[in-house]
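What follows is a set of notes on a single structure, which appears directly below.
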Amino acid sequence: MWKQLLVLLSDELITVLLLLQVALLRWLSSQTDEDRRVLAAVTGVQVGRELLNRLTGQDKVEAYKRECILSIAQFVQQNPRASQKQINAEVEKNVLVFAARVKALESAPIF
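Numbering (numbering that gives the first Met the number 0), first residue to last: 0 to 110.
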């Protein structure tokens, strides 16, 4: 479960870092004003995105959502003969955990 989650998070982080590195490399190679502006824009977008994620907690909500879904999928996979009632109980349990974690974000410090 955690391995799949880390792969998802790693892929997103690698993409962001790659864009920043490409912009930096272009600017370091050329030193042109245009490439400096592109680097500044890419960096600005990343900083803005990170600030928005911290203010809204959206990145954590998405992570909690993925964990909830993966946990339910893991239960179904490990319990192929589970009744619909058991599956419903597991879904309810995981959704309640998800909701509690999201609710806890409201009182968590931003930084």
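Each residue gets a CB set at the ideal place from its N, CA and C atoms; glycine is no exception.
- Judged by DSSP in its simplified three-state form, Asn93 adopts helix.
- The beta carbons of Ile71 and Val90 sit about 6 Å from each other, so the pair counts as a contact at 8 Å.
- Of the residues Arg35, Val44, Ala98, Arg48, the one whose Cα lies closest to the Cα of Tyr63 is Ala98.
- Taken atom to atom, the span from the alpha-carbon of Thr55 to that of Glu49 is near 10 Å.
- Taking C-beta separations shorter than 8 Å and ignoring five residues to either side along the sequence, the partners of Leu23 in its chain run Leu38, following chain order.
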